[in-house]
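K.L.:
Okay, here's the structure, questions in a sec.
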Amino acid sequence: MADFHQNGHIATLHNLRAKTAEEMSHELTTFSKDRKITLILPCLYSELELPAIESIVDELSRVPYLHRIIIGLDRANAEQYAHAVKFFSRLPQNHVVIWNDSPRNLAIGERLKAHGLYPSEPGKGKNVWGCLGYMMACRDSSVMAIHDCDIVTYNKDMLTRLVYPVVNPRFPYQLSKGYYPRIGDGKINGRVTRLLVSPLLIALKKVVGDKDYIDFLRSFRYPLSGEFAMRTAMLPDLRIPSDWGLEIGVLSEAWRNLAPKSVCQVEISDAYDHKHQELSPEDAETGLNRMSTDICKAIFRKLAADGTVFTGNVFRTLKAVYYRTALDLLESYYNDAEMNGLSIDRHKEERSIELFAENIMNAGHAFLDNPFETPFIPTWSRVHAADSMLMADMLTAVKQDYADLA
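Here's what the structure looks like:
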C-alpha cells in the first residue's frame, strides 16, 4: 500500500507486514548479487562506550545481503582506533573502520586544503562525505545506506525496509528516506522536526509564497531522520553540508537532481529511540541550539539558490509567523498527547520554540552577512578532477592504518 503524502510529491511506503522483513531480506539477498549494498555508519568513539552500538552490531551480524560496512570513526586516538577495530571485528561482512584522525588521513586532508577543497568544519557531514569517497574508490557498490550508531531500539529489519525500495529492480526509486513514530518513555519526541522544521516550512510558505522546494520538504513525515538509502549513481555530484544540516542537505540534493517519482519515504519501525540532544540554550555551538541554526541555514541557502530573495525584513517577518505557527502546533501536540496517554512538558516545549525563533534570526543574519560563503563540502567529482590519485590514496591509507595494528 502506498500513498502520495501532501502535494503528491513522493510515494509513502507503509509497513503493513503483509510481507515479512524476513521475506524481504531473502529477496534482497538475491537482488544484491547484481546490486551490491554498502552500509555507512558515521560513529564517534564515545558511542562505542554506550549500549546502543552493541545491539546494532549484534543485529547487523545477522544481515545476509550486505556487501560491505564502512565505519567512519571520529574523535579517536591510536589506542581507541585499535579498540574500535577489535570491537567491530565480529561483523561477518566485509567491513572497514576508517580512522578519520589518523596521521595518514590528516595528510590527505592537507592535500585537500592545498586545493581549497577541505571540508570547512568537522561533524557528521564530513564523516559521511569521507566514507562516501572511500566507497566510491572501491568501485563495487550500487546502493548505499546510512544510519546512526545511537539507535537504542535498533533492529535489523529497519535496514531491510530502508534499502528494499532502492534495491528492488522492479521499483523506480533512487532514494529512500526512513520514517517512524517518535514516541518513547511515554513522551512525544522529535522536538526539532515538530517544533522547528514543520512550523518553519508553514511560515516560509506564508512569507515567501508557494515554492516547489518547500512542498517537497513538507512531503516527508520525518525529514530529519538519519536513515536513508540511495543508488550510487548520484553520489559523485552530491553536495552536502558538513554540519547538522546533512539530512536536509541530502533531501535538497534529491529535489534538485531527481524526479519526484524517484524518491520515496518508507516506514521502517513502529518504535524508534536514540540518544537525545540537549537544548543547550547557553551554548550556541552545541546541542539543539547549534542543530537548529544549521538546519535553518541549510533551508535558506537552498531557497536562495532557487531564486528566493531574503532581506532582514523578510527574516523578521518569518520569525514572527514561525513563532505563532509553532505555538498553534504545540497546542495540537499537547491535545494529541493527552488523548493517547502521553506527556508533553509545555514549558520546555515553549522554551524550545523561543530558542528556535531566535535561531531563525541568527541563521538569517549569518546568511546575509556571508554572501560569499561556500557552505557545502566539494563534490567527489571535483575532488577527483583536482587530485586524481587522492581517492586511491585513501584506500591505501586505510590499509596501512590496519597494517600498523598487526
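Each residue of the sequence shown is one higher than the one before, counting from 149 in this note's numbering.
Even glycine gets a Cβ: it sits at the ideal position worked out from N, Cα and C.
Just so it is clear, the structure is predicted and the values come from calculations on it, not from any experiment.
Starting from the C-beta of K274, find all residues in its chain whose C-beta is less than 7 Å away, skip the five residues before and the five after it, and write them out in chain order.
P.N.:
P267, S390, I525.
K.L.:
Within the same chain, show all residues whose beta-carbon is closer than 8 Å to that of A285, passing over the 5 residues directly before and after it, in chain order.
P.N.:
Once the five neighbours on either side are set aside, the close Cβ partners of A285 are M539, A540, M542, L543.
K.L.:
I need the straight-line Cα distance from G257 to S250, nearest angstrom please.
P.N.:
Looking at the two C-alpha atoms, the distance is approximately 10 Å.
K.L.:
Taking contact to mean 3 or more Cβ pairs, one atom from each stretch, closer than 8 Å, check whether the stretch 376 to 389 and the stretch 318 to 331 are in contact.
P.N.:
The stretch 376 to 389 is in contact with the stretch 318 to 331.
K.L.:
Could you tell me if G271 is buried or exposed, where buried requires 16 or more neighbouring beta carbons within 10 angstroms of its beta carbon?
P.N.:
When all chains shown are included, G271 counts as buried.
K.L.:
By a C-beta neighbour count over all protein chains shown, 10 Å radius and 16 as the cutoff for buried, is R287 buried or exposed?
P.N.:
Exposed, by the Cβ-count rule.
K.L.:
When the Cα of W403 is compared with those of V276, L478, L436, L451, which residue comes out closest?
P.N.:
When each option's Cα is compared against that of W403, the closest is L451.
K.L.:
Can you tell me where the alpha helix (DSSP H) with V546 in it begins and where it stops?
P.N.:
Taken as a continuous stretch (DSSP letters only), the alpha helix (DSSP H) holding V546 covers 538 to 551.
K.L.:
Straight-line CA distance for A232 to V398?
P.N.:
For A232 and V398, the distance between alpha carbons rounds to 28 Å.
K.L.:
In terms of residues, what are the limits of the alpha helix (DSSP H) holding K450?
P.N.:
Taken as a continuous stretch (DSSP letters only), the alpha helix (DSSP H) holding K450 covers 435 to 453.
K.L.:
Rounded to whole angstroms, what is the Cα-Cα separation between I492 and Y481?
P.N.:
Straight-line Cα distance between these residues: approximately 8 Å.
K.L.:
Taking S324 as part of the beta strand (DSSP E), name the residues at either end of that continuous run.
P.N.:
Element bounds for S324: 323 to 327.
K.L.:
Our contact map puts G326 next to V414 with C-beta atoms below 8 Å; I'd like the distance itself, whole angstroms only.
P.N.:
That belief holds up - the Cβ atoms of G326 and V414 are roughly 6 Å apart, short of 8 Å.
K.L.:
Compare the Cα-Cα distances from G338 to each of M306, S373, S417 and report the closest residue.
P.N.:
Looking at the Cα atoms, S373 is the closest of the given residues.
K.L.:
Taking the Cβ atom as the reference point for each residue, do A377 and V314 lie within a distance shorter than 8 Å?
P.N.:
A contact, by the Cβ cut-off of 8 Å.
K.L.:
Closer than 6 Å by C-beta to Y312: which residues in its own chain qualify, once you throw out the five before and the five after it? Chain order, please.
P.N.:
Counting only Cβ-Cβ distances below 6 Å, and skipping sequence neighbours, we find M172.
K.L.:
Check whether the stretch 182 to 194 and the stretch 210 to 217 are in contact - that is, three or more C-beta pairs closer than 8 Å.
P.N.:
Yes, the stretch 182 to 194 is in contact with the stretch 210 to 217.
K.L.:
Just verifying my parser: in three-state terms, what is the DSSP assignment at F152?
P.N.:
Because F152 sits at a pLDDT of 40, beneath the cut-off of 50, its placement in the model cannot be relied upon, and the point is left open.
K.L.:
Give the list of continuous beta strand (DSSP E) stretches no shorter than 3 residues that lie fully inside the stretch 156 to 233.
P.N.:
Complete beta strand (DSSP E) runs here, min 3: 159 to 161, 185 to 192, 216 to 222.
K.L.:
Quick one: grab the DSSP three-state call for S250.
P.N.:
Coil at S250, not helix or strand.
K.L.:
Flag this pair as yes or no: are the beta carbons of L239 and S194 separated by less than 8 Å?
P.N.:
Taking 8 Å as the Cβ cut-off, L239 and S194 do not qualify as a contacting pair.
K.L.:
So, are the CB atoms of L466 and A351 less than 8 Å apart?
P.N.:
Cβ distance < 8 Å, so L466 and A351 count as in contact.
K.L.:
Pairing CB atoms from the stretch 494 to 507 with CB atoms from the stretch 468 to 485, are three or more of them under 8 Å?
P.N.:
Output reads yes: the stretch 468 to 485 touches the stretch 494 to 507.
K.L.:
How would you write the range of the alpha helix (DSSP H) that C279 sits in, first residue to last?
P.N.:
Per DSSP, C279 belongs to the alpha helix (DSSP H) from 272 to 286.
K.L.:
Quick one: residues in its chain with C-beta nearer than 7 Å to the C-beta of Y470, no 5 flanking neighbours on either side, listed in chain order?
P.N.:
Contacts found: P347, L348, A351, A505, I508.
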